[in-house]
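Peer 1: I have a structure here, written as structure tokens, and I will follow up with some questions on it.
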Amino acid sequence: MVVDVVEYLVRSIVRHPDDVTVSERSGRRGTTLNVVVHPEDLPRVIGRRGRTATSLRTVVDAIARDDVRVNIVDVA
Numbered sequence: 545m546v547v548d549v550v551e552y553l554v555r556s557i558v559r560h561p562d563d564v565t566v567s568e569r570s571g572r573r574g575t576t577l578n579v580v581v582h583p584e585d586l587p588r589v590i591g592r593r594g595r596t597a598t599s600l601r602t603v604v605d606a607i608a609r610d611d612v613r614v615n616i617v618d619v620a
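Given below as structure tokens:
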């Protein structure tokens with residue numbers, strides 16, 4: 545569910561929505577969501593001074609039951 549929400553949110557703000565992938569990985573510290581976007585979309589996802597990325601992480605913290613981390617990667 546969290547993966548779907550993150551993918552929906554990120555796809556709605558980028559110019560290349562087909563290049564967005566969100567993968568989930570579980571570890572000792574909780575779950576990590578790796579968000580992969582097109583290199584041109586990286587500034588849009590991070591935002592000025594990281595505000596968009598921080599807002600995305602805040603939404604994930606609000607809807608996640610466990611400890612979930614969000615990593616934004618520009619390899620597409």
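As numbered in our numbering, residues 545 to 620 make up the sequence shown, in order. Using N, Cα and C, we set each Cβ at its ideal position, and we do this for glycine too.
Within a Cβ cutoff of 7 Å, which residues of the same chain sit near I590, ignoring the five residues on either side of it in sequence?
Peer 2: Position 46 of the sequence shown holds residue 590. The answer, listed in chain order, is T596, A597 and I616.
Peer 1: Can you round the beta-carbon distance between V566 and V579 to whole angstroms, since I take them to be within the 8 Å contact cut?
Peer 2: Counting from one through the sequence shown, the residue named residue 566 turns up at place 22. Counting from one through the sequence shown, the residue named residue 579 turns up at place 35. Beta-carbon to beta-carbon, V566 and V579 are separated by about 5 Å, close enough to satisfy the 8 Å threshold.
Peer 1: Mind checking which residues open and close the alpha helix (DSSP H) that includes R588?
Peer 2: Residue 588 sits at position 44 when you count from the first residue of the sequence shown. Here the alpha helix (DSSP H) through R588 covers L586 to I590.
Peer 1: DSSP on V617, reduced to helix/strand/coil?
Peer 2: Indexing the sequence shown from 1 puts residue 617 at position 73. Three-state DSSP puts V617 in a strand.
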